[in-house]
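Data block below; observations after.
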Amino acid sequence: MSMILLAEQVLNGLQLGVMLFVMAAGLTLVFGVMGLINLAHGSLFMIGAFAAAAVAGATGSFLLALAAALAASAAVGALVEVVVIRRLYNRDHLDQVLATFALILIFSEGTRWLFGSFPLFLNIPPYLAGPVSLPGGIEYPMYRLTLIAVGLLIALGLFLLISRTRLGIQIRAGENDREMIAALGVDISRLYTIVFAIGAGLAGLAGALVGAIQSVQVGMGEPVLILAFVVIVIGGIGSIKGALIAALLVGLTDTLGGVLLPALFKQFMEASAATSVGSSLASMAIYILMAVVLIWRPTGLFGARG
Numbered sequence: 011m012s013m014i015l016l017a018e019q020v021l022n023g024l025q026l027g028v029m030l031f032v033m034a035a036g037l038t039l040v041f042g043v044m045g046l047i048n049l050a051h052g053s054l055f056m057i058g059a060f061a062a063a064a065v066a067g068a069t070g071s072f073l074l075a076l077a078a079a080l081a082a083s084a085a086v087g088a089l090v091e092v093v094v095i096r097r098l099y100n101r102d103h104l105d106q107v108l109a110t111f112a113l114i115l116i117f118s119e120g121t122r123w124l125f126g127s128f129p130l131f132l133n134i135p136p137y138l139a140g141p142v143s144l145p146g147g148i149e150y151p152m153y154r155l156t157l158i159a160v161g162l163l164i165a166l167g168l169f170l171l172i173s174r175t176r177l178g179i180q181i182r183a184g185e186n187d188r189e190m191i192a193a194l195g196v197d198i199s200r201l202y203t204i205v206f207a208i209g210a211g212l213a214g215l216a217g218a219l220v221g222a223i224q225s226v227q228v229g230m231g232e233p234v235l236i237l238a239f240v241v242i243v244i245g246g247i248g249s250i251k252g253a254l255i256a257a258l259l260v261g262l263t264d265t266l267g268g269v270l271l272p273a274l275f276k277q278f279m280e281a282s283a284a285t286s287v288g289s290s291l292a293s294m295a296i297y298i299l300m301a302v303v304l305i306w307r308p309t310g311l312f313g314a315r316g
């Protein structure tokens, strides 16, 4: 394998990783602060993608499409928290799983009713189209580099929000002792709605950004949701830093595994068999990574020790 191909796959892994972080950051915030298992988080990813595709088709503006995705998913998230999720905080996790799974079905059928069953397409804007020449003779798509930069900026923004703002202090306190901050006069219901809306908005923004490099279709959020759960388990529930590092690990493992493992097995067997075996192992690689991390540290890389 050439060094140029390897470098391109590393960049692909970073791009996948930062988009997984944007998706998983909201999920880990919701679980860490509220203790809520939200299976419908992938549906919010899908809603953001469809909102962006619809607005881009109507206005031709990619930036308006991103704003629409963020606003639509955050608004839907806030509405869902007030109407449905608020009744689940004192219920066990099985009730939360069943209720949020029902939301997946509602959102999927509702989206199909509004937009139809055929995929929509969100075009990359002309100013982000085309390749960029990088050192070493690497030609890499401008849009994917932009995704990496945007994801890292979102990570920085979340870090500043959590560590430097009054809302961030309340969120961190809510993770540790929600009864105490409620006793100190913090409106816990309002805090939960804000946190859920932030998480939903991030999921929708991720859906819009990814929607420009794949088709926008019903059910597109569920595969990403599985990877997001892997990320928060590896990184540690409630940890933004853990989510970022774990997302990058998962992205690089998934991308490099799909290239390196088939190439490795070609040395020992026929090309077709090597591709089949290598691809199968590559699809298992992130789960093997999760198992190894949990054996070493059951609470995740940056989770609180029990």
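Numbering (the numbering used here), first residue to last: 11 to 316.
Positions of the beta carbon are idealized from the N, C-alpha and C atoms, including for glycine.
- The way I'd put it, the region 187-204 doesn't touch the region 212-222; fewer than three beta-carbon pairs between them come closer than 8 angstroms.
- Counting along the chain, the unbroken beta strand (DSSP E) around Glu149 starts and ends at Ile148 to Pro151.
- Secondary structure of Pro141 (DSSP, three-state): strand.
- In this structure, the beta-carbon distance from Arg182 to Ile198 does not fall below 8 angstroms.
- In the structure shown, the three-state DSSP call for Leu130 is strand.
- Taking 8 angstroms as the cut-off, the beta carbon of Ala257 is found no closer than this to the beta carbon of Ser83.
- Cβ-Cβ separation between Ala17 and Gly146: approximately 6 angstroms, consistent with a contact (criterion under 8 angstroms).
- Ala85 has its alpha-carbon roughly 21 angstroms from the corresponding atom of Thr69.
- In this structure, Met300 sits near Val243, with a CB-CB distance shorter than 8 angstroms.
- When C-beta atoms of the region 91-99 are compared with those of the region 248-263, fewer than three pairs fall below 8 angstroms, so the two segments do not count as touching.
- Within the same chain, Phe31 and Leu254 come within 7 angstroms of Ala165 by CB-CB distance, once the 5 residues on both sides are set aside.
- Note on geometry: alpha-carbon atoms of Ala61 and Ala75 lie some 7 angstroms from one another.
- For Tyr202, the enclosing alpha helix (DSSP H) stretches over residues Ile198 to Gly221.
- If the five residues before and after Thr110 are omitted, its C-beta is found closer than 6 angstroms to the C-beta atoms of Asn48, Leu49 and Ala50, all from its own chain and listed in chain order.
- Under the DSSP assignment, Asn22 falls in the alpha helix (DSSP H) whose first and last residues are Met13 to Met44.
- DSSP places Pro233 in the uninterrupted alpha helix (DSSP H) bounded by Gly231 to Gly245.
- In the DSSP assignment, Arg97 falls outside any alpha helix (DSSP H), carrying neither H nor E.
- Taking each of Ile296, Val228 and Val302 in turn and checking the Cα distance to Leu54, the smallest one comes out for Val228.
- In terms of Cβ geometry, Ser225 and Phe131 form a close pair [threshold 8 angstroms].
- Taking the C-beta atoms as reference points, Gly248 is found no nearer than 8 angstroms to Gly87.
- Within a 10 Å sphere around the beta-carbon of Tyr153 sit 16 or more other beta-carbons, which makes this residue buried.
- The beta carbon of Leu26 lies closer than 7 angstroms to those of Gly261, Asp264 and Thr265 in the same chain, with the five residues before and after it left out.
- Following the DSSP letters along the chain, one finds Ser249 in no alpha helix (DSSP H), marked with neither H nor E.
- According to the DSSP assignment, Glu189 belongs to the alpha helix (DSSP H) that extends over Arg188 to Ala193.
- Exposure of Leu104 is indicated by the presence of fewer than 16 other C-beta atoms within 10 angstroms of its C-beta.
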